[in-house]
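Numbering (my numbering), first residue to last: 1 to 184.
C-beta: ideal position from N, C-alpha, C; glycine also.
None of the values given here were measured: they were computed from a predicted structure.
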């Protein structure tokens, strides 16, 4: 009788233990998120000065005073809340500069959304000004549907919308509202 009672206790304990193990299915991601709100950044970077290299040559230099890292989100991104300056160097080491008061870099899509006082100055003094500009990193394409001002070698062109590759070899202002020819 005592042996039979001991087996019953053992079986009950075993059932509870197995049920407990199967009911606890917290994944590593859930454990890592403990104490971190999904609305808060997982990290904050101050005074960034990042240099990107390609084959030992500096191809870009990113400067920003504050960046928020939201890689803990389902759709991860990095936010530059105090502005950003990006110096881009071509194969001949000629520098073009991109400035914006605010930017978001979406990790999964490779899309960069620059906003407020966006100014691009190329190495050959072409200047694009707008309030919002998107950069598709994969396709190396710049575009916007906002008002723009684009100074080329001979013209100052105003309009709504802009499309171009990163080298500005086929830059096009869309819905042109005015052209001023510059004297040399």
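Q. Three or more C-beta pairs closer than 8 Å, one from the stretch 139 to 156 and one from the stretch 165 to 184: is that the case here?
A. yes
Q: Assuming residue 63 and residue 98 form a contact by the criterion Cβ under 8 Å, report the distance between their Cβ atoms to the nearest whole angstrom.
A: Their Cβ separation, rounded to whole angstroms, is 11 Å, which puts residue 63 and residue 98 out of contact at 8 Å.
Q: Flag this pair as yes or no: are the beta carbons of residue 126 and residue 67 separated by less than 9 Å?
A: no
(Q) Quick check: residue 129 and residue 148, are their CB atoms within less than 9 Å of each other? (A) yes
**Q.** Residues that residue 151 bridges to, as DSSP identifies them
**A.** 127, 156
Q. To the nearest angstrom, how far is it from the Cα of residue 58 to the Cα of residue 151?
A. 27 Å
Q. Roughly how many angstroms separate the alpha carbons of residue 113 and residue 100, rounded to a whole number?
A. 10 Å
Q | For residue 67: DSSP bridge partner residues | A | 45, 80
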